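Undergrad: I have a structure here, written as structure tokens, and I will follow up with some questions on it.
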Amino acid sequence: MKKVEFNFENLTSGAFIISTENPNFQESLSAEVSEKILETKDLKTNPDYNLNDFIDQNSIGIGEIREIIRKIGLKPYQSKRKVVIIKDADRMTPEAQNSFLKTLEDIPNNTFIILTTSNHTRLLPTILSRAKLFEIKSDAEDEGDLDAREIVGAETLARFKVVEEISKLKESKEKKERAGELIKVLLNYYRKELRADPEDIETRENIKLLQETMTAISKNVNLRLALESLMINLK
1 MKKVEFNFEN
11 LTSGAFIIST
21 ENPNFQESLS
31 AEVSEKILET
41 KDLKTNPDYN
51 LNDFIDQNSI
61 GIGEIREIIR
71 KIGLKPYQSK
81 RKVVIIKDAD
91 RMTPEAQNSF
101 LKTLEDIPNN
111 TFIILTTSNH
121 TRLLPTILSR
131 AKLFEIKSDA
141 EDEGDLDARE
151 IVGAETLARF
161 KVVEEISKLK
171 ESKEKKERAG
181 ELIKVLLNYY
191 RKELRADPED
201 IETRENIKLL
211 QETMTAISKN
221 VNLRLALESL
231 MINLK
């Protein structure tokens with residue numbers, strides 16, 4: 001992936017569009033940009049990092065955008081700046097996009113808006129003209145997707161080998177990190193599947209299962225049992 005440089009030194013606010021078909025790139029790049037803006041490596045606990053992911057909805061409507069606009073109007077709480085991300089921004093309805101225009105025209109100081117999308121041409125030209133576009137093209141297929149397909153297509157016993165490899169790690173911190181990486185790869189895979197078919201109930205159930213497993217692991221449950229349960233129930 002081509003390295004993308006962001007310079008915020010002379011900016012007090014701004015809007016960016018990250019456009020790439022690769023969901024891993026979308027997530028990693030938006031997180032990297034957010035870390036630079038907020039000057040932190042701990043986004044999860046930072047109240048000035050606002051990630052909006054409407055994974056359970058087929059579209060993003062005016063109601064959701066109005067709530068995001070309300071959040072944009074709030075002052076930074078902990079950091080000097082704040083970041084508001086809208087994932088899969090191309091799923092905004094035309095009405096929702098139009099309602100967002102005024103906010104993009106007059107972004108509050110110390111506020112940065114990031115829109116991620118797999119296809120920026122689905123955004124209205126008026127949206128595109130009010131944000132800086134970063135289009136990332138990948139010639140090679142993402143390795144994470146390949147790993148995910150190997151797991152999804154494997155029998156339960158083969159899936160358990162992945163769990164066994166993680167369980168053999170000596171440090172509990174390393175085990176949690178590897179488990180988190182595994183779940184993240186699978187989440188990205190199923191989110192891509194859901195974008196291709198928003199009505200797929202089984203894919204939605206898999207995403208919910210992965211999110212629940214991630215939450216359970218963060219609460220220090222038995223990591224091996226949690227992963228084995230995931231591998232059994234993942235469809």
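Per the working numbering, the sequence shown starts with residue 1, numbered consecutively.
Every residue gets a Cβ at the ideal spot worked out from N, C-alpha and C, and that includes glycine.
Just so you know, these numbers come straight off a predicted model, no measurement behind them.
Answer with buried or exposed for Tyr-189, where buried requires no fewer than 16 other C-beta atoms within 10 angstroms of its C-beta.
TA: Here residue 189 corresponds to residue number 189 of the sequence shown, with the count starting at 1. Counting Cβ neighbours within 10 Å, Tyr-189 comes out buried, since at least 16 surround it.
Undergrad: Excluding the five sequence neighbours on either side, which residues of its own chain have a C-beta within less than 6 Å of the C-beta of Pro-23, listed in chain order?
TA: Taking the sequence shown and counting its residues from 1, one reaches residue 23 at position 23. If we look at Pro-23 and ignore the five residues flanking it on each side, its Cβ neighbours are Asn-188, Arg-191, Lys-192.
Undergrad: Can you find the residues in the same chain that come closer than 8 Å, C-beta to C-beta, to Asp-139, ignoring five residues on each side of it along the sequence?
TA: Here the question's residue 139 lines up with position 139 in the sequence shown. Since pLDDT at Asp-139 reaches only 48, below the 50 mark, its modelled position is unreliable, and no value is offered.
Undergrad: In chain order, what residues of the same chain lie with their CB nearer than 7 Å to the CB of Glu-141, ignoring the 5 residues before and after it?
TA: Working through the sequence shown from its first residue, we reach residue 141 at position 141. Note on Glu-141: pLDDT 45, under 50, position unreliable in the model; no value is reported.
Undergrad: Could you check the C-alpha separation between Glu-228 and Lys-219 for me, to the nearest Å?
TA: By one-based count along the sequence shown, residue 228 stands at place 228. By one-based count along the sequence shown, residue 219 stands at place 219. Approximately 17 Å between the Cα atoms of the pair.
Undergrad: Tell me which residue opens and which closes the alpha helix (DSSP H) that Ser-172 is part of.
TA: Within the sequence shown, numbered from 1, the residue matching residue 172 stands at position 172. 172-196 is the span of the alpha helix (DSSP H), which, as asked, contains Ser-172.
Undergrad: Of the residues Pro-125, Gln-57, Ile-183, Glu-164, which one's Cα is nearest the Cα of Arg-149?
TA: Taking the sequence shown and counting its residues from 1, one reaches residue 149 at position 149. Of the candidates Pro-125, Gln-57, Ile-183, Glu-164, the one whose C-alpha sits nearest the C-alpha of Arg-149 is Ile-183.
Undergrad: Quick check on Thr-156: buried or exposed, where buried means 16 or more other Cβ atoms within 10 Å of its Cβ?
TA: Here residue 156 corresponds to residue number 156 of the sequence shown, with the count starting at 1. The residue is exposed, with fewer than 16 neighbouring Cβ atoms inside 10 Å.
Undergrad: Quick check: Asp-48 and Lys-82, are their CB atoms within less than 8 Å of each other?
TA: Against the sequence shown, residue 48 aligns to sequence position 48. Against the sequence shown, residue 82 aligns to sequence position 82. Against a cut-off of 8 Å, the Cβ pair of Lys-82 and Asp-48 comes out as a contact.
Undergrad: Between Pro-88 and Gln-26, what straight-line distance do the alpha-carbon atoms span, to the nearest angstrom?
TA: Locating residue 88 in the sequence shown gives position 88, where the first residue counts as 1. Locating residue 26 in the sequence shown gives position 26, where the first residue counts as 1. The sequence shown places Asp at residue 88, rather than the Pro named in the question. Cα-Cα distance, rounded: 9 Å.
Undergrad: For Thr-45 versus Ser-79, is the C-beta distance shorter than 8 Å?
TA: Locating residue 45 in the sequence shown gives position 45, counting from the first residue. Locating residue 79 in the sequence shown gives position 79, counting from the first residue. Cβ atoms of Thr-45 and Ser-79: not closer than 8 Å.
Undergrad: Starting from the Cα of Asn-222, find the closest Cα among Leu-124, Ala-179, Ile-114, Asn-109 and give me that residue.
TA: Residue 222 sits at position 222 when you count from the first residue of the sequence shown. The candidate whose alpha carbon is nearest that of Asn-222 is Ala-179.
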